[in-house]
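Heads up, the thing below is written out as C-alpha cells.
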Amino acid sequence: MHNILLMSDEARSAFIAMKSREEHKLAACCEPRDADIFWLRFERYFEDLYYPLIKVYGDYEDAIEQFRILFDHMVEAYAARPQALRLLDLERQFTPQWFQQPNMVGYTCYADLFADNLNGVREKISYFQELGITYLHLMPLLEPSPGLSDGGYAVKNYRKVNPELGTMSDLRQLANELHDCGISLCLDLVLNHTAKEHEWAQRAMAGEEEYLDYYYTFGDRTLPDAYEQTLPEIFPNDAPGNFTWYPQMASKGRWVWTTFNEFQWDLNYTNPTVFREMVDLMFFLANQGADVLRFDAIPFIWKRLGTNCQNQPEVFQLIQAFRAIMRVVAPGMILKAEAIVPPDALLQYLGVKSTVEKQCELAYNNQLMVVLWSSLATRNVSLMTQVFHDLPRTMIGCAFINYVGNHDDIGWAMTDEALAAVGENGFLHRQFLNQFYTDTYPDSFAKGTLFQFNPETKDARITGTTASLAGLEKALATGDSNKIDLAVRRILLLHSIILGFGGIPLIYMGDELGVLNDFSYLSDPLKAGDSRWIARSPMDWSKAAKRHDPNTVEGKIFQGLVHLIKVRKSTSLLHCFSYFQPMWTDNEHILAYCQKRAEGTLMVLANFQSTEQSVTAKMLEYGGLIGKIRNLLANNVSPIIANERIYLQAYETMWLVSDEFTLF
Ligand code: GLC
18 MHNILLMSDE
28 ARSAFIAMKS
38 REEHKLAACC
48 EPRDADIFWL
58 RFERYFEDLY
68 YPLIKVYGDY
78 EDAIEQFRIL
88 FDHMVEAYAA
98 RPQALRLLDL
108 ERQFTPQWFQ
118 QPNMVGYTCY
128 ADLFADNLNG
138 VREKISYFQE
148 LGITYLHLMP
158 LLEPSPGLSD
168 GGYAVKNYRK
178 VNPELGTMSD
188 LRQLANELHD
198 CGISLCLDLV
208 LNHTAKEHEW
218 AQRAMAGEEE
228 YLDYYYTFGD
238 RTLPDAYEQT
248 LPEIFPNDAP
258 GNFTWYPQMA
268 SKGRWVWTTF
278 NEFQWDLNYT
288 NPTVFREMVD
298 LMFFLANQGA
308 DVLRFDAIPF
318 IWKRLGTNCQ
328 NQPEVFQLIQ
338 AFRAIMRVVA
348 PGMILKAEAI
358 VPPDALLQYL
368 GVKSTVEKQC
378 ELAYNNQLMV
388 VLWSSLATRN
398 VSLMTQVFHD
408 LPRTMIGCAF
418 INYVGNHDDI
428 GWAMTDEALA
438 AVGENGFLHR
448 QFLNQFYTDT
458 YPDSFAKGTL
468 FQFNPETKDA
478 RITGTTASLA
488 GLEKALATGD
498 SNKIDLAVRR
508 ILLLHSIILG
518 FGGIPLIYMG
528 DELGVLNDFS
538 YLSDPLKAGD
548 SRWIARSPMD
558 WSKAAKRHDP
568 NTVEGKIFQG
578 LVHLIKVRKS
588 TSLLHCFSYF
598 QPMWTDNEHI
608 LAYCQKRAEG
618 TLMVLANFQS
628 TEQSVTAKML
638 EYGGLIGKIR
648 NLLANNVSPI
658 IANERIYLQA
668 YETMWLVSDE
678 FTLF
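Using my numbering, read the sequence shown as starting at 18 and increasing by one per residue.
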C-alpha cells in the first residue's frame with residue numbers, strides 16, 4: 018500500500034489504529050481479496066474523511082466512541098454489500114466518468130402517480146427504454162408521516178418502503194431489473210429533517226435526553242428569536258417562521274426547529290450520533306441498489322446564529338466525509354446535491370479549489386432552468402448568455418443535472434448582478450415573470466399559478482406544468498393549430514437545450530406528453546394548501562397511448578424528445594467533460610454556445626422567438642467550425658445560409674458540427 022506514505026503523521030497513526038481494530042472483523046466475514054480492496058480504498062480516502070470529522074466533531078465528548086461505531090458499521094456494510102453491487106463498484110471505479118457520458122438521460126416520477134406502485138414501475142421499464150432513459154429518479158418512496166407529508170419529504174421510517182408502494186424487496190427487485198436494462202436508480206435521502214412521527218422524534222417528544230439531542234429544541238423563545246433575525250422563510254404562507262411550539266414535548270413544552278413544515282423536524286448535526294445514523298441509512302439504501310442518493314435540502318443541515326443557516330462551511334465538511342465513507346463502502350453510488358442556492362454557493366456543492374472531487378458528484382442546475390423560462394418569456398437570450406459566462410468551464414468528476422420542470426416551484430433565482438449586466442432591474446424583472454407566467458401580462462402564452470406570494474415584498478414563485486407554462490393549455494383552449502404548433506415547439510426548444518448541454522438532462526414525468534396543469538389537488542384536503550400539486554398529476558396512460566401518432570400533440574412531443582435523445586447519445590461532444598463556450602450573437606433572440614472536445618466542436622444555435630430569425634454565418638468561424646457544416650438535429654442537412662446569415666425557424670434549435678466529425 019502506498020497511499021499511507023502520503024498521509025500526515027497524525028492521519029497515519031489514526032489510520033493504523035482503526036485498521037488494526039477492524040482487520041480481524043473484516044477478515045472473518047470477507048474473502049481475502051475483498052478485504053484487500055476495502056483496505057486499499059480506506060487508505061485512499063482516509064484523510065478525506067478523517068480531517069472533516071475531526072474538524073467538525075473533534076471537541077464533542079462522545080466523538081471518539083461515535084467514530085469507532087462508524088468504522089465498525091463501514092466494515093459491516095461493506096461485508097453485507099451484495100456481490101452484484103460490489104462488481105458494479107469495481108466497474109465504476111474503472112469508469113469514473115460513467116455518469117458524465119452523453120448516454121445519461123434522466124426521468125423523474127412518483128411511483129404511485131406513474132404506475133400505482135413499485136411493481137407497476139417495474140412493468141413499465143420498456144416505456145423508459147422507448148424514450149431512451151438511463152437514469153430514473155423515483156420521488157420519495159420511504160414510509161412517510163401519515164396525513165401531510167410534503168409529498169413524502171417527511172420520512173417516518175427510512176428502512177421501510179411506503180406500504181402503499183410496496184416493500185423493500187420490491188425495491189431491490191426494481192433496482193436489479195433497472196440495472197439489467199442499463200438504468201441507474203436515484204433515491205431521495207431526506208437528511209435535513211425527519212417526520213415528527215419518526216422514532217427519534219417520538220422519543221425526543223417523550224423527553225429522552227439522548228433523542229432531544231437529535232434535534233434543535235428550545236425551552237423558550239430566546240434563541241429562536243435570535244435566529245429568526247436572519248432566517249428566511251421557506252413556506253411563508255403555509256408554515257411561517259422556522260420554529261414550532263410543541264406543548265407536550267418533554268412535559269413542559271419546547272420549541273422545535275422546523276425550517277419547512279411543522280411536521281418536519283430539523284436534525285442536529287452538531288451531534289456526531291446524528292451524522293453516524295445518517296451514514297447508516299446511506300449504507301442501507303446503497304445496499305438496496307441505489308446508484309444515486311439525492312441529498313434533499315442539503316444546504317440547511319448546519320445552523321449558525323447571525324446567518325441564513327444555509328451553505329455553512331460545516332455543510333461541505335460533512336459532505337466530504339459522507340462522500341469519502343461511501344467511496345470506501347459503495348463507490349458505485351454517487352451523491353446529488355439538491356441545493357437551490359445562488360451560483361457561487363452552488364459550485365461549492367460540486368467542489369471548488371481544495372474540495373474538487375470531494376463534494377457531491379451531481380447538483381441541480383437551477384440557474385439554467387430559471388434562465389430558460391426567463392428567456393422564453395422575454396424571447397431574449399441576453400440574460401441566459403450572461404449567466405452562461407459565469408458557469409464553470411470544466412467539471413472535473415462532477416456533472417450538473419439540467420432540467421426544465423420538476424415537482425417543485427420555479428423561484429426567480431437569477432442574481433441582481435447578472436440582471437444588471439444586461440440592463441434589467443431585478444425586482445421589476447421578477448414581477449414581470451410572475452405576471453407573465455400567471456397570464457396577467459398582455460399577450461402571455463402561459464398558464465401557471467403563484468406560489469408563496471408575499472404581499473409585503475411582492476415576492477412569489479411559480480407553479481405549473483411545463484406544457485401549460487409553455488403555452489399548450491391556452492393554445493388548446495383556442496383550438497388554433499398555429500398556436501398549438503408554437504407551444505409544442507417551445508416545449509421541444511427547452512428540452513433541446515437541457516439535452517444539448519453537458520450534464521445529465523432530467524425529464525419530469527408527463528412533460529414528454531405535454532401534460533397540462535391539474536387542479537384536482539384542490540379537492541384533496543391534504544394537498545389543497547400546496548399548489549405544487551398542480552404539476553403532480555397521475556400519469557395519463559391514454560395520452561401515452563397516442564405517443565406513436567405523429568398527428569397528435571403527444572406524438573409530436575414524445576417523438577421529438579426521442580429524436581433529441583437519440584442524437585444526443587450519438588455524439589461524444591455532449592460528454593459533460595467538454596469545454597463550454599457561450600457566445601454573444603448579433604440577434605438577441607438567438608442563443609449560441611459550443612461544446613468543445615479534442616475530437617471536435619458542437620455548436621448549439623437556438624431561436625427563442627416565435628418567428629423566423631437569422632444570425633451571422635460568422636458564428637461558425639467564431640466557434641471554430643470550418644468547411645461543410647451539418648445539423649445533427651435535421652438529419653445532417655446543412656443549415657440554410659443566405660446573405661451570409663444562418664436562418665432558424667420559429668423556436669428552432671440546431672446542433673451543428675463540421676462534416677468531418679464522426680458520430681460514435
Ligand atoms: C426539497 C424538495 C421539496 C421539499 C423540501 C423539503 O426542496 O424538493 O419538495 O418540500 O425539500 O423536504
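A virtual CB, placed ideally from N, CA and C, is assigned to each residue, including glycine.
Distances from the alpha-carbon of A438 to those of H406, C203, I427 put H406 closest. By the Cβ rule, the stretch 482-493 does not count as touching the stretch 593-602, because fewer than three pairs are nearer than 8 angstroms. The criterion of a C-beta distance shorter than 8 angstroms is not satisfied by W390 and I418.
For Q469, the Cβ stays outside the 7 angstroms cut-off from all heavy atoms of ligand 1. DSSP places L486 inside the alpha helix (DSSP H), whose first and last residues are 483-486.
From the listed residues F625, L591, V584, P567, the smallest Cα separation to L510 is found for F625.
Closer than 7 angstroms to some heavy atom of ligand 1: that does not describe the Cβ of A552. Remark: fewer than three beta-carbon pairs, one from each stretch, lie closer than 8 angstroms, so the stretch 506-522 and the stretch 468-478 are not flagged as touching.
Any heavy atom of ligand 1 counts here; residues with a Cβ closer than 5 angstroms to one of them, in chain order, are D167, Y170, F277, D313, A314, D425. Secondary structure note for D53: its alpha helix (DSSP H) is the uninterrupted segment 49-74. Closest in C-alpha terms to H19, from the list R61, A394, K36, comes R61. Excluding residues up to 5 positions away in sequence, L66, P69, L70 lie with their Cβ nearer than 6 angstroms to the Cβ of A338 in the same chain.
Secondary structure at Y668: coil, using DSSP grouped into helix, strand and coil.
Note: Y152 is bridge-paired with G123, S201 in the DSSP secondary-structure output. Put simply, the stretch 211-227 does not touch the stretch 315-335. Fewer than three CB pairs are less than 8 angstroms apart. Annotated three-state conformation of W601 is coil, per DSSP.
V172 is a Cβ neighbour of L159, given a cutoff of 8 angstroms.
A direct Cα-Cα distance of roughly 14 angstroms separates P289 from L298. In the three-state reduction of the DSSP assignment, G224 falls in the coil class, being assigned neither a helical nor a strand state.
The stretch 607-622 makes no contact with the stretch 496-507, as fewer than three CB pairs between them are under 8 angstroms.
Taking the Cα positions, N382 is about 7 angstroms away from Y420.
In terms of CA proximity to V122, S513 leads the group L637, L642, S513, E250. The C-beta of S589 has 16 or more other C-beta atoms within 10 Å across all chains shown, which makes the residue buried. According to the DSSP assignment, C611 belongs to the beta strand (DSSP E) that extends over 607-614.
In this structure, the straight-line span from the alpha carbon of V532 to that of R507 is close to 14 angstroms. The C-beta of S162 has 16 or more other C-beta atoms within 10 Å across all chains shown, which makes the residue buried.
When DSSP states are grouped into helix, strand and coil, H512 belongs to the helix group. Proximity to M156 across I646, D313, Y664 peaks at D313, based on C-alpha coordinates. Residue range 383-395 is occupied by the alpha helix (DSSP H) that includes S391.
Ranked by Cα distance from L208, the options K353, T247, G644, L493 are led by K353. At the C-beta level, Y525 and T151 stay beyond 8 angstroms of one another. Bridge pairing for R647: V674 [DSSP]. In the structure shown, S540 falls within a helical segment according to DSSP collapsed to helix, strand and coil. For M295, the three-state secondary structure derived from DSSP is helix.
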